[in-house]
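Down below is the structure, laid out as structure tokens.
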Amino acid sequence: MKYPALLPFSELVNQLDQFDSIIDVRSPAEFALDHIPGAINCPVLNDLERIRVGTMYKQVNAFEAKKVGAALVAKNIALHIEEQFLQYPREWKPLIYCWRGGNRSGSMALILAKIGWPVVQLDGGYKAYRQHINTELSQLIGQFQYRVVCGTTGSGKSRLLQALHTQGAQVLDLEKLAEHRGSVLGDLPSTAQPSQKAFESAIWLTLRKFDSSKVVYIESESKKVGNLRVPDHLISCMRNSACISLQLPINLRVALLMQDYAYFISQPNELMKRLHYLTPLHGKEKIRHWQNLSEQDLLHDLVQELIEVHYDPSYLRSIERNFPQLGGMPTIHLNGIAELDFLQLAERLLAE
């Protein structure tokens with residue numbers, strides 16, 4: 001094969017693990033929005049440089065913009081070679097891509113190939129990858145049989161998924177992929193949710209590693225996890241799948257939630273802000289009462305009231321509407337929230 005080789009994503013998708021590096025040469029802002037899973041960012045134009053060259057294209061002309069762009073690209077590629085690539089042997093095999101046209105990725109691919117590395121450039125760039133995701137994700141979702149873990153807030157659904165994963169089960173943990181706990185208090189501290197495209201990429205990457213002959217365990221999510229939308233076909237599959245229902249005594253649910261949301265104890269102002277979001281549902285008087293409980297450090301009482309007044313009624317309305325088959329499915333009563341309790345339950349479920 002002559003290098004740099006220009007290949008379509010359809011030919012590369014099942015060979016991604018064979019590349020030593022997947023290099024995204026787009027700007028950091030483009031990369032942050034979404035990228036091929038496992039890729040590293042080696043921009044040939046940073047964000048400001050990309051804006052500068054793009055503005056010259058529009059306001060001056062393409063020739064002047066290309067001269068400035070070429071100088072910047074050459075300088076940046078040289079820096080990447082010096083700082084990152086000099087350590088690699090002749091056999092190092094990178095896959096390189098940019099947005100679509102191939103100018104940015106083509107520049108790096110040509111130079112690296114001239115050095116002697118077997119470089120492959122993605123034809124059509126990130127846009128070709130994204131088109132593949134849009135086409136394949138729905139088909140991929142439909143290949144699996146799902147078992148949906150249901151249960152009121154604090155019943156341990158996420159912990160059971162973690163235990164199932166530990167036991168070797170196929171688990172699609174949407175909250176983990178979305179970096180959100182799926183409720184008004186669900187934002188993870190100091191962690192921004194990924195973009196919608198990155199979320200879909202993560203779902204695609206997870207499912208394509210699974211065996212379609214085996215069950216996939218998933219939590220009974222709503223259509224959105226935080227600000228991210230769950231793919232419609234996945235929602236449809238979930239709502240037509242077999243379910244299991246977890247139940248915990250109220251005191252254990254309170255204890256579990258206080259463990260999972262412990263960071264609010266050290267950030268009372270953040271808790272106050274989150275409670276304020278519930279004002280349209282419960283009114284100012286109720287919200288002020290809950291804020292008073294927080295200020296008085298009566299967190300056990302606050303969590304129990306949130307469960308009984310907010311979470312449970314909301315969950316029951318949603319589950320009856322979206323999972324009507326749940327009534328005929330098995331209910332599992334847990335009497336402990338230690339890691340061993342969930343591991344033993346996972347082992348029992350898999351044995352069945």
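In full-length UniProt numbering, the protein residues as written are 1 to 352.
Backbone N, C-alpha and C define an ideal beta-carbon position, used for all residues, glycine too.
Burial state of Q131, where buried means 16 or more other Cβ atoms lie within 10 Å: exposed
DSSP-derived helix/strand/coil call for S245: strand
D20 and W92 closer than 8 Å at C-beta: yes
Three-state secondary structure (DSSP) of R147: strand
Contacting residues, own chain, Cβ-Cβ under 6 Å from T152 (five flanking each side not counted): D312 and Y315
Given 8 Å, three or more beta-carbon pairs between the stretch 216–224 and the stretch 173–182: yes
Candidates I40, D34, I36 and P28, of which the one nearest N46 by Cα: P28
Reduced DSSP secondary structure (H/G/I, E/B, other) of A5: strand
T135 in three-state terms, based on DSSP: helix
Assigned secondary structure, N14 (DSSP; H/G/I helix, E/B strand, else coil): helix
Closest by C-alpha distance to Q196, when choosing among K223, E83 and S213: K223
Beta-carbon separation (whole angstroms), L161 vs F199, contact threshold 8 Å: Actually they do not touch by this definition, with Cβ atoms about 17 Å apart.
Chain-order list of residues whose beta-carbon lies under 7 Å from that of M329 (same chain, five-residue window excluded): A242, C243, I244 and S245
For S201 and residue 355, the rounded distance between their alpha carbons: What is shown of the chain runs 1 to 352, which leaves residue 355 out entirely.
Buried/exposed call for L340, threshold 16 Cβ in 10 Å: exposed
Separation of A351 from K114, as counted between CA atoms: 56 Å
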